[in-house]
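All residue numbers for the sequence shown refer to my numbering, where the first residue is -9 and numbers rise by one.
The beta-carbon is built from N, C-alpha and C at its ideal position, and this holds for glycine as well.
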Amino acid sequence: ALGHPHIELPLVRFARHGRRVLEACDLLEAIADDLPRKVGPIWREVAQHCVAVMPGHYDSLLHILIPVLKRRTRGDPDCEAVLARLEQEYADACHRFPELFALLQDAQGQGVATIDEEALGYALRSYFEAIRQQMAWERDVLLPLAERRLTRADYAELGASLPVSGAPGQQR
């Protein structure tokens, strides 16, 4: 649990935004569960929610939190290995976002009759399951590592890099 007042805001904000990413995964799962019965306005809402939530969260992790942690844990091979793995997984996820959004928009625009429901369901399930695993690593490994290793100066840097209001990944 986060217990130091000087670190709570940046890490709580990352954790809160991670929960929003998980909510987006729940929406993707609902779409996959409804195939082939429903294609409708919910698809547009889900695509917009995913566009708003997922890339920004990963961008903040890749360009704000992980670089600060890498500096702080330099020379610790275990931490370096964990951060390198997470960095690669997050970068891979960012490359898949456009494909996912295009898939949702195409399915919403074309209707189920013109798409392969099995392929769409499989793609959605594999995508949200991978994201859930990454969020578990973030919750169980990355944020606790940050809590243990970062200094007050690091937290000040994180706080200055995050937007004044809103979620990590949004523009300042």
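Rounded to whole angstroms, residue 123 and residue 13 show a C-alpha spacing of 14 Å. Comparing C-alpha distances from residue 25 to each of 135, 133, 112, 47 shows the shortest one belongs to 112. Judged by their CB atoms, residue 1 and residue 136 are nearer to each other than the 8 Å cut-off. Residue 129 places its beta carbon less than 8 Å from that of residue 8. With a minimum length of 4 residues, the unbroken runs of alpha helix (DSSP H) contained wholly in the segment 21 to 94 fall at 31 to 50, 56 to 63.
DSSP places residue 152 outside both helix and strand once states are collapsed to three, so it counts as coil.
Taking C-beta separations shorter than 7 Å and ignoring five residues to either side along the sequence, the partners of residue 60 in its chain run 73, following chain order. Taking residue 81 as reference, the option from 93, 92, 47 with the minimal CA-CA separation is 47.
When the beta-carbon positions are compared, residue 76 and residue 127 come within less than 8 Å of each other. Comparing C-alpha distances from residue 114 to each of 20, 66, 38, 134 shows the shortest one belongs to 20.
For residue 115, the enclosing alpha helix (DSSP H) stretches over residues 107 to 127. For residue 133, the uninterrupted alpha helix (DSSP H) run begins and ends at 133 to 139, by DSSP. Judged by their CB atoms, residue 90 and residue 40 are nearer to each other than the 8 Å cut-off. Taking the CA atoms as reference points, residue 131 sits about 23 Å from residue 87.
The Cβ atoms of residue 148 and residue 54 lie closer than 8 Å to each other.
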